Structures are given as structure tokens and as C-alpha cells.
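Per this note's numbering, residue 366 is the first one in the sequence shown, and the count goes up by one each step. Using N, Cα and C, we set each Cβ at its ideal position, and we do this for glycine too. For clarity, every value in this text was computed on a predicted model and none was experimentally measured. Okay, structure first, notes after.
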Amino acid sequence: HRLAEDNEVGAVVLTGAGRGFCAGGDVKAMAEGTEFVGTMEEKAQALRSRMETSRLLHEMPKPTIAMVRGAAAGAGLSLALACDLRVASDNARFGTAFARVGYSGDFGGSYYLTQLVGTAKARELYYTAELVDASQALALGIVNRVVPDSTLEEETMALARKIAHGPRVALRYMKRNMNAAEAGSLKDQLDLEAWHHTRTGMTEDHREAARAFVEKREPQFKGR
């Protein structure tokens, strides 16, 4: 919430705190039956509350980028997919993993993966829990870019800065359009685009971009 509302933040980068991005849940706790406590309803409600992280990443008004090194599996994959873009190290690996531990999946992964790779491939990746390497993930459209591990942070932050320096009001409405397109009809999408396009055409950033184009220079956006 804080990052979503901070006017100084133009883009958000999500990455893992350790060697990898996120390998999912605690399998030892699963085996011991201590991962969740309480009634089924209490367990489901507790999980649903934690899963709000995924929705916030997907719907926050700022562009979000997952910087993936190592494994992104299970809920870790779902969180990476919740972001707008994914930049992966050449050592990154991706997997749904849920079938390996007898789970059906959480954190919105089934929604995001179906949007990215289509229903048939998404089902295959869920049913088999096969790992996908970085080059395969790029070919499937799971990631946007694959870079050498040694330059992952540099290249991800360069992309984030490029986006953050763009027309922020327009980017916010672009994201709304893209999110709406995932579930709405063509008519609804045309209505939404007409409203948002007109709204962004009234911004200072739009006028500055048009002047810069005519004057053959880089625009100086102010986010308004």
C-alpha cells in the first residue's frame, strides 16, 4: 500500500531476499501438518488474507517488475506472474510445483499463467509440475527478458528507471486498460480506452511528449 501511494515511486521491483526468488511453501511444515492450524474455514480465510499480496501487485497503479534469480516455484511463481513484467537471470527456473506436494495452487497462479501462456500450456505446467528454464520461459512468454546473472540487477533497475521516468499518469491508465482486458468484453474495453485516452490527453505529460516529439528531443515528464 505504501509503495502504491508514494508519489516518489514510479515503478516497483520485487525480488527474493536470499539466493533465489521464492521456492514456495515450507514442505517440512506440510509434511508435519503444521503449515496451517485451525478449522478448514479458518485455514482458507488465513490463506486468502495472505493472497491479497498477489492482487495488490497486479492491481497497484505503479508498474511492477519481478527480478528473478534462481527458483520461482509454487507461490513464488504466482507472485512473479502477478507483476507486470519479469526479468530473469539465465540461471532462473520456473515451476508450479503444486502437484509435487498434492496442492491445487494458490496466490493467483492459475489466473496469471493462463493469461500468459494459454489454457492448454498452463494446464500442462500445473498437472506435470515440470521445471522450465530461463530460455524456455522466454519462449513461452512467461518472462520478458533473460540476462546474464552478473548483470541481472543492473539491467532490471535500468528497465525500472526507464519506465519510472515515463508519463506516469498515462502508465497508470495503461495498466488499468490491460487489467480490464483480461476479463472484459471488446465493447467494455473500447469504452474504457476512450475514457482513459481522453483523460491522458489532458495531462501536462501528453503535451510535453508531443512538443518533444516535434522538437526532436527527449521529453521531461512530471507525472501530471
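Could you have a look at threonine 429 and say whether DSSP puts it in helix, strand or coil?
In this structure, threonine 429 counts as strand in the three-state DSSP scheme.
Between which two residues does the alpha helix (DSSP H) holding phenylalanine 459 run?
Segment 458-460 is the beta strand (DSSP E) holding phenylalanine 459; no alpha helix (DSSP H) there.
Specify whether the segment 479-497 and the segment 419-431 touch according to this definition: at least 3 beta carbon pairs, one from each stretch, less than 8 Å apart.
Touching, no.
In chain order, what residues of the same chain lie with their CB nearer than 7 Å to the CB of tyrosine 476, ignoring the 5 residues before and after it?
Nothing listed; no residue qualifies.
Check whether the Cβ atoms of alanine 627 and arginine 465 sit closer than 8 Å, and answer yes or no.
Given that the chain is displayed from residue 366 to residue 589, the structure contains no residue 627 and the question cannot be resolved.
Along the chain, where does the beta strand (DSSP E) that runs through serine 454 open and close?
Segment 450-454, the beta strand (DSSP E) holding serine 454.
When His530, Ala574, Val512 are compared against aspartate 498, the one with the closest alpha-carbon
Considering only His530, Ala574, Val512, the residue with the shortest C-alpha distance to aspartate 498 is Val512.
When DSSP labels each residue in this structure, what does arginine 510 get in the three-state scheme?
The DSSP-derived three-state label of arginine 510 is strand.
Pick from Asn509, Val579, Leu536: whose alpha carbon is nearest that of threonine 568?
For the residues Asn509, Val579, Leu536, the minimum Cα distance to threonine 568 belongs to Leu536.
What is the DSSP secondary structure of methionine 395, reduced to helix, strand or coil?
Note that methionine 395 scores 45 on pLDDT, short of 50, meaning its location in the model is unreliable and no value can be drawn from it.
I'd like to confirm the pairing. Which residues does DSSP put opposite alanine 437 in its beta bridges?
Partner(s): Cys387, Phe459.
Roughly how many angstroms lie between the CA atoms of alanine 445 and threonine 461, to the nearest whole one?
The alpha-carbon of alanine 445 is positioned some 11 Å away from that of threonine 461.
In or out: phenylalanine 386 buried (at least 16 other Cβ within 10 Å) or exposed?
Its Cβ being crowded by 16 or more others within 10 Å, phenylalanine 386 is buried.
Just checking my contact of alanine 453 with valine 433 at CB under 8 Å: how many whole Å lie between their CB atoms?
At roughly 4 Å, the Cβ-Cβ gap stays under 8 Å, so alanine 453 and valine 433 are in contact.
Would you mind stating whether phenylalanine 459 and leucine 496 have Cβ atoms separated by less than 8 Å?
Result yes, Cβ atoms of phenylalanine 459 and leucine 496 sit closer than 8 Å.
For histidine 571 versus threonine 565, is the C-beta spacing smaller than 8 Å?
Yes, Cβ-Cβ distance for histidine 571 and threonine 565 is below 8 Å.
Threonine 404 classed as buried or exposed, judged by whether at least 16 other C-beta atoms fall within 10 angstroms:
Burial call: exposed.
Please confirm whether alanine 574 and alanine 376 have their CB atoms less than 8 Å apart.
Not closer than 8 Å, so no.
Hey, could you find the ends of the beta strand (DSSP E) aspartate 379 is sitting in?
For the record, residue 379 in the displayed sequence is leucine; it is not aspartate. Leucine 379 -> beta strand (DSSP E) spans 377-379.
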